[in-house]
Amino acid sequence: MPDFEAARAGLASQPFSRLLGARLTEFGAGAATLELDIRDELQQQNGFVHGGVLAYAADNALTFAAGTVLGAALLTAGFTIDYLRPATGVTLRARAVVVQASRLRATCRCEVYTVDGDGETTLCAAAQGSARVVRPRQVPSRDEPYGKPFTRNENPEADAG
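And the structure:
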């Protein structure tokens, strides 16, 4: 199921990911790694990488890891992140792995590191989250921006196993 080039194209199709300069460096076998260069525009007032950027990296890495076992038609169902230390360095690296998957949902863990100019890594955040498969009719459109509401028979969680 994993197709590295298709996954890279999927990341490149996300306007926010392009804005941040994110790149997918690993994709397959229940794991994904996302990297981005740390630059001034991504920092908060004290010179550390903004927490929202760390959360973005964790969220996307979690979802791409889930995509290696569920396919591309999925969305984040939820995630939590713990900020462990201020993030500084040259590169931000988020590596996620699938810890459990069913037919419709995958739960993943992610560690977010900074990489300095010498290649040394420092763990700065840890996250856990899940992604779920969506059917084409569940993906919001411009005509129905909040998507079609679920009915009992359309709820994929009822099929989870």
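One gets the working numbering by counting positions in the sequence shown from 1 and adding 206 to each. From the three backbone atoms N, C-alpha and C, an ideal C-beta is built for every residue, glycine too. Since we're looking at a predicted model, the values are computed, not measured.
How would you label Glu211, buried or exposed, when you count the other beta carbons within 10 angstroms and need 16 or more for buried?
-> exposed
Assess, as a yes-or-no matter, whether the stretch 299-307 is touched by the stretch 264-278 under the definition of 3 or more beta carbon pairs within less than 8 Å.
-> Enough Cβ pairs lie closer than 8 Å, so yes.
Do the stretch 313-326 and the stretch 260-274 make contact, defined as three or more Cβ pairs closer than 8 Å?
-> These segments touch.
Excluding the 5 residues preceding and the 5 following Glu232 in the sequence, name in chain order all residues of the same chain whose CB lies nearer than 8 Å to its CB.
-> Ala238, Thr239, Arg301
What's the C-alpha gap between Phe254 and Ala293?
-> 5 Å
In this structure, what does DSSP give as the bridge partners for Glu241?
-> Arg229, Arg299
If you draw a straight line from the alpha carbon of Val215 to that of Leu226, how long is it in whole angstroms?
-> According to the sequence as given, residue 215 is Ala; it is not Val. Between Ala215 and Leu226, the C-alpha separation is close to 15 Å.
Quick one: grab the DSSP three-state call for Gly253.
-> Collapsing the DSSP output to three states places Gly253 in coil.
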